[in-house]
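For the sequence shown, the working numbering begins at 48 and goes up steadily by one.
Following: one structure in structure tokens, then a few remarks.
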Amino acid sequence: MPKKMTFEAALAKLEEITRELEDSELSLDAALQKFDEGVKLAGFCNGRLDEAQKKVDILLKKNNVLTPEPFGEANDVE
48 MPKKMTFEAA LAKLEEITRE LEDSELSLDA ALQKFDEGVK LAGFCNGRLD
98 EAQKKVDILL KKNNVLTPEP FGEANDVE
């Protein structure tokens with residue numbers, strides 16, 4: 048996996064690997080290789096999403112004070 052890979056490129060490659068694993072008749076070794084690559088890509092994507100969430104959490108303000116708050120809960124409507 049290239050060091051400068053974007054989230055979007057990694058996600059597209061992960062989707063491609065998923066299709067290949069679902070649709071083709073790969074040998075066991077080839078399937079395991081694709082699976083391993085997919086696990087690494089999923090880890091990369093999860094890491095990027097975690098970084099993005101931390102940036103969003105830091106940017107939320109309450110009473111002119113930055114307060115870390117989980118992204119999903121800050122925008123929930125009851």
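Cβ coordinates follow ideal geometry from the N, Cα and C atoms, glycine included.
Quick caveat, the model's predicted, so the values are computed rather than measured.
L68 vs G90 beta-carbon contact at 9 Å: The residue given as residue 68 occupies position 21 in the sequence shown. The residue given as residue 90 occupies position 43 in the sequence shown. No; because the gap between Cβ atoms is not below 9 Å, this pair is not in contact.
Cβ-based neighbour list, S74, same chain, cut-off 7 Å, excluding 5 preceding and 5 following: Within the sequence shown, the letter at position 27 stands for residue 74. Excluding residues within five positions, none has a Cβ falling inside 7 Å.
Rounded straight-line distance, which links the Cα of R95 to that of F54: Along the sequence shown, read from residue 1 onward, the residue named residue 54 stands at position 7. Along the sequence shown, read from residue 1 onward, the residue named residue 95 stands at position 48. Near 7 Å, if we compare the C-alpha coordinates of R95 and F54.
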